[in-house]
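Engineer: Note that the protein sequences, when read in sequence, are chains A and B. The first sequence: position 274 = 294 (this note's numbering), numbered continuously. The second sequence: position 243 = 263 (this note's numbering), numbered continuously.
Protein chains: 2
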Amino acid sequence: MKQASATVRDVARVAEVSVASVSRALNGHSSVHPDMRARVLAAAKTLGYVPHAGARSLSLARSHAIGVVLPDLYGEFFSEIVRGMDREVTARGYHLLLSNMHADAALAAQAMRSMRGRVDGLIVMAPQLDTAELDEALPRDVPAVLVNCRETVGRAAYRIDNTAGITAAVAHLAATGRRRLLHISGPEGNIDGRERRDAFLAAMAVHAPGIAPIVVAGDFREESGVAAVRRLIESGETCDGIVAANDMMALGAMSALREAGMAVPGDIAVTGFDDVPLARYLGLTTVRITLAEMGARATARLIDALDGGALSPDTEIIATELIIRSTTGPLPT
Amino acid sequence: MKQASATVRDVARVAEVSVASVSRALNGHSSVHPDMRARVLAAAKTLGYVPHAGARSLSLARSHAIGVVLPDLYGEFFSEIVRGMDREVTARGYHLLLSNMHADAALAAQAMRSMRGRVDGLIVMAPQLDTAELDEALPRDVPAVLVNCRETVGRAAYRIDNTAGITAAVAHLAATGRRRLLHISGPEGNIDGRERRDAFLAAMAVHAPGIAPIVVAGDFREESGVAAVRRLIESGETCDGIVAANDMMALGAMSALREAGMAVPGDIAVTGFDDVPLARYLGLTTVRITLAEMGARATARLIDALDGGALSPDTEIIATELIIRSTTGPLPT
DNA sequence: CGCTGTCCTGTAACCGGTTACACAGCTCGC
DNA sequence: GCGAGCTGTGTAACCGGTTACAGGACAGCG
């Protein structure tokens with residue numbers, strides 16, 4: 021069953037030619053006699069020869085694989101991005117090597133290093149690493165594209181336009197008459213979380229001057245949305261709109277509100293961020309980022325650099341779009 | 021910037037020892053003098069040496085990566101499975117190499133072959149390949165675990181207990197008074213789709229004798245659920261319950277029903293299959309398979325075989341569980 | 001002192017491909 | 001008839017690790 025596979029030398033022996041010719045014939049090199057090519061192909065076929073990709077990539081210094089490093093917080097957000105990357109990579113004859121890393125910086129560095137010699141390039145999503153940690157962790161000789169990382173100056177990177185997104189959400193709520201807003205924030209260490217919170221505060225200063233904005237800490241997971249609403253209710257404070265820093269927390273908030281007997285959007289409007297597939301089904305008003313698209317673009321850029329030239333060290337900003345659904349609506353009068 | 025990385029020979033030169041000693045020192049071999057080990061570690065550190073995984077796996081004949089082959093129909097179903105595999109693989113120091121393949125058998129074979137020399141084992145999800153095609157496509161020298169494939173006799177595999185799941189769903193609908201049922205089936209080429217349809221017909225014969233079951237063809241995608249309901253309505257036939265072959269089609273059916281002004285479960289009850297994360301949010305009664313768990317189990321079994329001994333050629337059956345939520349309920353009287 | 005055994009280290013082969021370079025055979029032009 | 005030029009092929013080195021085997025140094029023992 022587990023017989024050893026044929027190598028290029030076996031094929032050479034059977035076809036009674038040299039290994040060089042086998043290699044040339046199989047790789048469609050120009051200067052090989054048709055007879056030779058036929059002999060080699062026949063021998064390869066009878067032996068069931070399949071080239072050993074590992075050996076090939078060692079001698080070519082090219083693996084045709086790209087590594088994806090992502091946090092172990094895994095959900096629809098990252099699935100969507102990976103799906104986009106996968107689409108692109110398949111179309112271009114590459115493979116995707118997944119590695120999810122723990123929050124710890126040392127382990128993250130470890131995870132990235134372990135990819136040296138396996139991949140030609142890296143796509144790194146590490147919202148929890150600071151500049152120094154990232155610098156330390158990134159291998160020096162592997163081109164990398166950063167997605168959703170903190171400091172991206174001087175690197176190829178993608179960042180979400182958090183400010184525009186949150187601003188649009190707050191403006192929309194204000195336009196429907198809601199100004200007593202609560203923000204459920206992302207984790208403090210996360211750059212997107214921080215930017216969204218800051219944008220919320222800034223937008224409140226513009227659209228709801230004089231009203232003190234409330235911010236409750238969350239961690240991007242659904243349960244923290246539930247917890248945030250419970251805490252609000254216990255505290256006795258009130259609001260008429262919730263701006264969550266991502267969709268999952270918005271959903272958690274909605275279920276906690278329902279549980280507490282509050283109507284959405286009747287009593288309280290809710291907005292999210294990301295436009296995860298779920299959002300559409302639940303009618304959640306949210307800020308859309310085309311996640312799959314972002315993954316695909318990052319991948320395309322990396323592969324272009326690998327095949328062609330250099331990776332430009334620019335940060336591209338991913339635009340957002342406010343998608344209005346049923347969790348927001350005019351304040352009943 | 022893109023300086024060539026240090027190799028084991030560079031380290032040897034700097035530490036003034038041989039490459040063999042470097043390798044031994046770095047891999048924690050027993051018989052190395054402490055002084056030597058220290059020298060090597062120091063040299064490796066100053067050079068920023070990172071071992072080249074590709075070269076390593078070539079000489080060890082072990083890559084510590086496992087390949088995942090999945091259909092390009094990509095959705096929550098496969099994301100969930102991959103998530104489970106990823107969890108397991110990370111815990112055991114392996115990597116996951118993704119490859120999604122097109123429906124075409126030749127391309128599928130191609131995709132699997134291209135993994136030779138890159139991975140130590142394969143997890144194959146290929147519901148569209150028949151026995152012969154699968155035999156042809158699977159590399160002979162790489163252990164593989166099949167998930168969701170058609171014919172699994174004599175192979176390590178996982179199969180879902182489709183019959184029990186569908187039977188439970190039909191029985192539940194019958195218990196709530198619904199017997200005029202419609203089944204939206206999966207694609208004909210898909211083994212799970214076929215089994216579910218057959219189970220539906222068998223269960224109907226038991227629970228709704230004398231009533232002609234209706235089957236409409238779908239393809240597992242949401243739109244086909246929408247289309248199925250539209251066709252039903254156009255045809256003028258009626259039913260009081262829909263058993264969809266998976267969750268996404270059930271959701272499609274629900275939105276088409278809503279659009280047509282029908283109440284769920286008031287007029288028509290709906291059940292799905294898979295218990296995709298979405299299902300919980302939408303209150304969909306469905307047959308749960310613990311997808312992530314299945315992925316993790318398949319992975320654990322493969323890695324155990326890789327590390328330890330042989331892969332037993334048994335097919336394990338994944339149990340299902342009926343999860344009752346709000347899309348089913350007693351028929352209003 | 002010589003022998004054996006232990007401990008450590010180095011040389012070189014190997015994993016399975018690719019390819020620079022050398023070279024053989026042939027055609028062609030003079 | 002002979003050298004240049006072109007085609008096609010083979011030999012051997014190389015990619016970057018690991019490791020079988022050989023051998024040097026040194027201690028213990030008779």
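Glycine included, each C-beta is placed from N, C-alpha and C at the ideal position.
Are the beta-carbon atoms of THR347 (chain B) and VAL284 (chain B) separated by less than 8 Å?
Structural biologist: Cβ atoms of THR347 (chain B) and VAL284 (chain B): closer than 8 Å.
Engineer: So what does DSSP say about HIS84 (chain B), is it helix, strand or coil?
Structural biologist: coil
Engineer: From SER83 (chain A) to GLY137 (chain B), what distance separates their C-alpha atoms?
Structural biologist: 11 Å
Engineer: Using a Cβ distance threshold of 8 Å, determine whether the stretch 153-172 of chain A contacts the stretch 91-106 of chain B, with at least three qualifying pairs required.
Structural biologist: no
Engineer: So the candidates are B:PHE293, B:ALA40, B:LEU201; which of them puts its Cα closest to the Cα of ILE231 (chain B)?
Structural biologist: B:LEU201
Engineer: Have a look at B:VAL190, B:TYR178, B:ALA157, B:VAL263 and flag the residue whose alpha-carbon is nearest the alpha-carbon of SER206 (chain B).
Structural biologist: The sequence shown places Gly at residue 206 (chain B), not Ser. For the residues B:VAL190, B:TYR178, B:ALA157, B:VAL263, the minimum Cα distance to GLY206 (chain B) belongs to B:VAL263.
Engineer: Given that TYR301 (chain B) touches chain A, what residues does it touch there, using C-beta distances under 8 Å?
Structural biologist: What TYR301 (chain B) touches in chain A: LEU271, LEU298, TYR301, LEU302.
Engineer: Give me the chain B residues within the contact set of ALA73 (chain A), using Cβ-Cβ distance strictly less than 8 Å, ordered along the chain.
Structural biologist: SER134, MET135, ARG136, GLY137, ARG138
Engineer: How many angstroms separate the CA atom of ARG175 (chain A) from the CA atom of THR335 (chain A)?
Structural biologist: 7 Å
Engineer: Can you tell me where the beta strand (DSSP E) with GLY104 (chain B) in it begins and where it stops?
Structural biologist: Run containing GLY104 (chain B): none in the beta strand (DSSP E); it sits in the alpha helix (DSSP H), 96-111.
Engineer: From what residue to what residue does the alpha helix (DSSP H) around HIS192 (chain A) run?
Structural biologist: Judged by DSSP secondary structure, HIS192 (chain A) falls within the alpha helix (DSSP H) whose first and last residues are 182-195.
Engineer: Just the chain A side, please: which residues come within less than 8 Å of GLY9 (chain B) by C-beta, in chain order?
Structural biologist: Since the displayed chain B opens at 21 and closes at 353, residue 9 (chain B) lies outside it and no answer follows.
Engineer: Using a Cβ cut-off of 7 Å, which residues of the stretch 106-121 of chain A contact any Cβ in chain B, in chain order?
Structural biologist: ASP106, THR110, HIS115, LEU116, LEU117, LEU118, SER119, ASN120
Engineer: Name, please, each residue of chain B whose Cβ falls closer than 7 Å to the Cβ of LEU78 (chain A).
Structural biologist: GLY74, ALA75, LEU78
Engineer: Could you tell me which chain B residues have their CB closer than 9 Å to the CB of SER83 (chain A), listed as they occur along the chain?
Structural biologist: GLY74, ARG138
Engineer: Please classify GLY68 (chain B) as buried or exposed, where buried requires at least 16 other C-beta atoms within 10 Å of its C-beta.
Structural biologist: exposed
Engineer: At a Cβ threshold of 8 Å, is SER25 (chain A) touching chain B?
Structural biologist: Yes, because at least one Cβ of chain B sits closer than 8 Å to the Cβ of SER25 (chain A).
Engineer: Could you say if the stretch 106-113 of chain A and the stretch 315-327 of chain A meet the contact criterion of at least three C-beta pairs nearer than 8 Å?
Structural biologist: Yes, the stretch 106-113 of chain A is in contact with the stretch 315-327 of chain A.
Engineer: Using a Cβ-Cβ distance under 8 Å, would SER43 (chain B) count as near chain A?
Structural biologist: no
Engineer: Is any beta-carbon of chain B found at less than 8 Å from that of SER99 (chain A)?
Structural biologist: yes
Engineer: Could you check whether the Cβ of LEU342 (chain B) sits closer than 8 Å to any Cβ belonging to chain A?
Structural biologist: no
Engineer: Among B:VAL190, B:ARG179, B:ILE204, B:ARG278, which residue has its Cα nearest to the Cα of HIS227 (chain B)?
Structural biologist: B:VAL190
Engineer: Would you call PRO233 (chain A) buried or exposed, if buried means 16 or more other Cβ atoms sit within 10 Å of its Cβ?
Structural biologist: buried
Engineer: Considering ASP327 (chain B), what are the terminal residues of the alpha helix (DSSP H) in which it resides?
Structural biologist: 311-327
Engineer: I'd like to confirm the pairing. Which residues does DSSP put opposite LEU118 (chain A) in its beta bridges?
Structural biologist: A:VAL88, B:LEU116
Engineer: Does the beta carbon of LYS22 (chain A) sit closer than 8 Å to a beta carbon anywhere in chain B?
Structural biologist: The predicted model places LYS22 (chain A) with a pLDDT of 47, which falls under 50 and marks its position as unreliable, so this point remains unresolved.
Engineer: Counting beta carbon pairs with one atom in the stretch 152-159 of chain A and one in the stretch 301-317 of chain A, are three or more of them shorter than 8 Å?
Structural biologist: Touching, no, given that fewer than three Cβ pairs across the two stretches are closer than 8 Å.
Engineer: Sort A:GLY261, A:HIS203, A:ASP239, A:ALA188 by Cα distance to GLN148 (chain A) and report the nearest one.
Structural biologist: Of the candidates A:GLY261, A:HIS203, A:ASP239, A:ALA188, the residue whose Cα lies closest to the Cα of GLN148 (chain A) is A:ASP239.
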